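What follows is a single structure, written as structure tokens, with notes after it.
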Amino acid sequence: MTDELRLYWEAVQKRICAKCIDGSGNGNCRLSGYEGCGLTLHFPKVVETILSVNSDKLESYIQALRLNVCSSCKHQSPDGTCLLRDNLDCGLDRYFPMVIEAIEEVRPRVLNVTEAFGD
Ligand code: SF4
Ligand code: SF4
């Protein structure tokens with residue numbers, strides 16, 4: 003993981019994973035393998051997707067998520083449906099608004115750090 007991604011991940015872990023019903027309570031995830039959360043399975047793509055959206059509408063972020071992440075996720079069916087999503091079993095989808103907030107909030111700090119170190 004690059005320094006940039008690590009900073010984004012720490013923000014997400016603190017804000018979301020620490021309170022997630024599938025987390026251990028200290029920021030770690032209890033899910034793995036087939037059940038693995040979309041957030042851990044696709045984190046670099048999730049960050050890239052959120053940073054690529056310039057909108058104050060949640061719908062724009064959701065559209066980008068479906069296009070860039072869900073479309074290549076093993077859990078999504080060819081018809082675009084996802085059983086995990088429908089059952090609120092995908093942490094990424096369940097907490098997506100909070101994930102957006104965490105990434106956007108930490109973004110200026112990450113930019114400062116990466117610019118300072120030429121990452
Ligand atoms: S299920 Fe996803 S959001 Fe929940 S603790 Fe695991 S990685 Fe974090
Ligand atoms: S909502 Fe479904 S398709 Fe999208 S990341 Fe989560 S599990 Fe994968």
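Residue numbers (this note's numbering): 3 to 121.
Where is the CB? At the ideal position from N, CA and C, for every residue including glycine.
Note that the structure is predicted; figures quoted are calculated from it, not measured.
{"Item": "Length of the line joining the Cα atoms of Cys72 and Thr83", "Value": "9 Å"}
{"Item": "Length of the line joining the Cα atoms of Arg32 and Gly38", "Value": "9 Å"}
{"Item": "Residue from Leu41, Asp5 and Thr4 whose Cα sits closest to the Cα of Cys92", "Value": "Leu41"}
{"Item": "Span separating the alpha-carbon of Glu106 from that of Asp81", "Value": "31 Å"}
{"Item": "Cβ distance (whole Å) where Val108 is taken to contact Ile18 below 8 Å", "Value": "Actually they do not touch by this definition, with Cβ atoms about 12 Å apart."}
{"Item": "Close beta carbons around Leu86, own chain, < 7 Å, minus the five adjacent residues each side", "Value": "His77 and Cys92"}
{"Item": "Contacting residues, own chain, Cβ-Cβ under 6 Å from Leu13 (five flanking each side not counted)", "Value": "The residue you asked about is not Leu; residue 13 is Ala in the sequence shown. For Ala13, where only same-chain residues beyond five positions count, the Cβ hits under 6 Å are Ala104 and Val108."}
{"Item": "Sheet register partners of Gly25 (DSSP bridge)", "Value": "Cys31"}
{"Item": "Span of the alpha helix (DSSP H) around Gly40", "Value": "Gly40 to Leu43"}
{"Item": "3 or more residues per run - each beta strand (DSSP E) lying fully within the region 53-109", "Value": "none"}
{"Item": "Helix, strand or coil at Thr116 according to DSSP, with G and I counted as helix", "Value": "helix"}
{"Item": "Residue from Glu50, Ser74, Leu69 and Ser62 whose Cα sits closest to the Cα of Glu6", "Value": "Glu50"}
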